[in-house]
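From first to last, the protein sequence lines stand for chains S and H.
Counted from 1, the first sequence has number 919 at position 58 by the working numbering; the numbering is strictly sequential.
Counted from 1, the second sequence has number 364 at position 63 by the working numbering; the numbering is strictly sequential.
As structure tokens, the structure follows; a few thoughts come after it.
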Amino acid sequence: MSTAAAHPRTGFSRDAEPYALHADDRASIEQEMRHYEDPRAASIGALKIVQKRHGWVPDGAIPAIGQLLGISASDVEGVATFYNLIFRRPVGRYVIKVCDSVACFLTGYEELRDEVCNQLGVGFGETTVDGRFTLLPICCLGACDRGPVLMINDETHFDVSPRDLARLLERYP
Amino acid sequence: MTADTTPLTYRINLVTPLDIRDYESQEGYAAVRKALKEMQPADVTRLVKEANLRGRGGAGFPTAVKWGLVPMGEGAQRQKYLLCNADEMEPGTFKDRLLMEGAPHQLVEAMIVAGYAIQASRGYIFLRGEYVLAAERLERAIAQAQAAGYLGANLLGSPWSFELFVHTGAGRYIPGDETALINSLEGRRARPRAKPPFPQIAGLWGKPTVVNNVETLCNVPHIVLRGSQWFRGLSQGKSRDSGTKLYGVSGRVRRPGVWELPFGVSAREILEDHAGGMQEGLELKCWLPGGASTDFLMPEHLDLAMDFDTIAKAGSRMGTGLLTVVDDRRSILSVVRNLEEFFARESCGWCTPCRDGLPWSVRLLAALERGQGEPGDLEILEQLCRFLGPGRTFCAHAPGAVEPLQSAIKYFRHEFEAGIAKPATLAVA
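Now the structure itself:
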């Protein structure tokens, strides 16, 4: 007997919706597995492949990945919850990652953060009500000579001033 | 910019990095040909040892000594791994991104030559997930090198075979530690492993494994081509260390950036001649010599040579060699709070001092910053510096976090004391 009761805090259900890996994703993961001596090493890659399709990793994908790699669902979940670029909750169409490390901190991070939060009306870890943006902090992006720096999905933006922010965000409808 | 004086950067092109043909026409892959046709693996290691190449990832460990621990010869395992630590995430560090985006073939060539020295069967470039452009360019370079016969089975007709892959991560700072990097590459949570056994004996999948930083590796083909004497001469007698170094500056300076300079130039030359000094109206308050996990140094230390031993003698570490400068408008408490927030968030949570001590330090620092510290807070911070220090934790994460904190207390004790709230004045009857 299983119950589909959702966790009171996270909203996740232990009994995930049935999930079948998309044929293309399965093929990509199998391709990834060939790079390693042990299929487990493809777990992070597999999570990223599934995330690319949905924007996040749905609950049911965890056991599906585990089955393909021959490892337990809890091992996959352990990996998924360790790394900050794997999202286990739905996110907006665009994920904004603002560098909050020391070099950006010294060159205007706080002003930029305040402006981002103001314009979006959300704080870190939150998604705008229209589902457009999710806001997250990120470690040093390795462009400290061009701070403050932020990423929007896979694109990195340098020397971002609070003044230019509105125009930058318009490029992500 | 020439091959003789700035070997790492003379072929850098960030807009359109050199294609394999253009790279080959500028001595590209010549080191692979030379190593495989004229040298034994041990010759390469000997040359790197004579060149006195030390790790550019922050620790300065002699590269040839690291390689020398790998089992070699007939009885050695067939599967051995060379991993490139391209997980550049030390706050304030922005040099490996330049090397990978600007000259991807140089790193591919370096992996092949270093892989030959330890007779690795495979190489992985462990690249942080955020470096999307570097991943594309490295993948492309690998495909071109493969097509040109520099990778694969029996390469260039030798008995040696070598495959190379890019492995992209999914975040977190801790995979930068070499044993955590191995766990992460194996598809596990990135917590560090106990040493011994050292990775050279039992690393990735239990096989002999070497982990080298991007910049370290990129020096290897040049040493093979031009020799150890040339490499030692690059530091122009400024330092006992050899070669060039990618130095940089970030913070409120006129021209932040990164430059390839002789090893051991002074911090003043880097800050004033190359970065143009502080911005108008600002004074230098203090600086981190090479990343978040190095001790602060003061303006009076600017004339020191930026090399491993000199900076260590001054009580810090050269680390990655990219300076982060703090200007006089900043409260040191805010900067240290920012640094410790980073370390607290990035702790893998495996051992208690790190997992619990770092957030504690953040709470104390935030209270001091608001002027709401309590008597005794400073002493607790000093105690944390000891309890999170070397030998008390599983890996170097917390000891690294302690470095900026302990040095900030040393140089700016008055700012910490000023953060302690004044007790309400008691009315005396």
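Ideal placement from N, C-alpha and C gives every residue a C-beta, glycine not left out.
Computed from a prediction, not measured in an experiment: that's the story for all the values here.
DSSP places Ala415 of chain H in the uninterrupted alpha helix (DSSP H) bounded by 405-419.
Distances from the CA of Tyr382 of chain H to each of H:Thr317, H:Leu400, H:Glu479 were compared; the closest alpha carbon is that of H:Glu479. Between the beta-carbon of Val515 of chain H and that of Met401 of chain H there is about 6 angstroms, and that keeps the pair under the 8 angstroms contact cut. In summary, the residues of the region 905-925 of chain S whose CB is separated from some CB of chain H by less than 8 angstroms are Ile905, Gly906, Leu908, Lys909, in the order they occur in the chain. Taking a contact to require three or more Cβ pairs closer than 8 angstroms, the region 685-698 of chain H and the region 568-576 of chain H do not qualify as touching. For Ala1004 of chain S, the closest Cβ of chain H is nearer than 7 angstroms. By the neighbour-count definition (other C-beta atoms within 10 Å, threshold 16), Glu584 of chain H is an exposed residue. Residues of chain S with a Cβ closer than 8 angstroms to the Cβ of Leu640 of chain H are, in chain order, Val963. Under the 7 angstroms criterion on CB atoms, Gly504 of chain H is classed as non-interfacial with respect to chain S. Pairwise C-beta distances place the region 556-570 of chain H in contact with the region 606-614 of chain H, as three or more of them are shorter than 8 angstroms.
For a Cβ distance threshold of 8 angstroms, residue set Ser962, Val963, Ala964, Cys1001, Cys1005 of chain S lies close to Gly393 of chain H, ordered along the chain.
Between Glu898 of chain S and chain H, the shortest Cβ-Cβ separation is below 7 angstroms. Shown here for Arg355 of chain H: same chain residues with a beta carbon closer than 7 angstroms to its own, the five before and five after excluded, namely Gly361, Phe362, Pro363, Thr364, Asp542, Phe609 in chain order. Boundaries of the beta strand (DSSP E) harbouring Thr995 of chain S: 994-999, taken from the DSSP string. Close to chain H, meaning a Cβ-Cβ distance shorter than 9 angstroms, are the following residues of the region 1015-1033 of chain S: Asp1015, Glu1016, Thr1017.
Closest in alpha carbon position to Ile681 of chain H, among H:Gly672, H:Cys696, H:Gly658, H:Arg693, is H:Gly658. Non-local beta-carbon contacts of Gln580 of chain H in its own chain, meaning distances under 8 angstroms to residues more than five positions away in sequence, involve Arg553, Val554, Arg555, Asp628 in chain order. Cβ-Cβ distances below 6 angstroms link Ala668 of chain H to Gly674 in the same chain, with the five nearest sequence neighbours on each side left out; the list follows chain order.
Setting aside the 5 residues that flank it on each side, Gly591 of chain H is surrounded in the same chain by Gly359, Arg618, Met619, Gly620, Thr621, Gly622, Leu623, each with a C-beta closer than 7 angstroms to its C-beta; the list follows chain order. In the structure shown, Tyr712 of chain H falls within a helical segment according to DSSP collapsed to helix, strand and coil. Under the 8 angstroms Cβ criterion, the region 988-1002 of chain S does not count as touching the region 522-532 of chain H, having fewer than three qualifying pairs.
The beta carbon of Gly477 of chain H is closer than 6 angstroms to those of Asp388, Met390 in its chain, skipping five residues each way along the sequence.
A distance of 7 angstroms or more separates the beta carbons of Ala418 of chain H and Pro500 of chain H.
Taking C-beta separations shorter than 7 angstroms and ignoring five residues to either side along the sequence, the partners of Thr989 of chain S in its chain run Gly953, Leu981, Gly982, Val983, following chain order. Secondary-structure assignment with DSSP links Ile321 of chain H through no beta bridge to anything. Here DSSP, grouped into helix, strand and coil, assigns Gly906 of chain S to helix. The alpha carbon of Leu598 of chain H has as its nearest neighbour, out of H:Met373, H:Gly374, H:Glu704, the alpha carbon of H:Glu704.
Less than 7 angstroms divides the Cβ of Glu972 of chain S from the Cβ of Pro1023 of chain S.
Of all residues in the region 563-585 of chain H, none comes within less than 8 angstroms of chain S when Cβ atoms are compared. Between the alpha carbons of Arg887 of chain S and Gly538 of chain H lies a gap of roughly 57 angstroms.
At a cut-off of 7 angstroms between C-beta atoms, Thr625 of chain H counts as an interface residue with respect to chain S.
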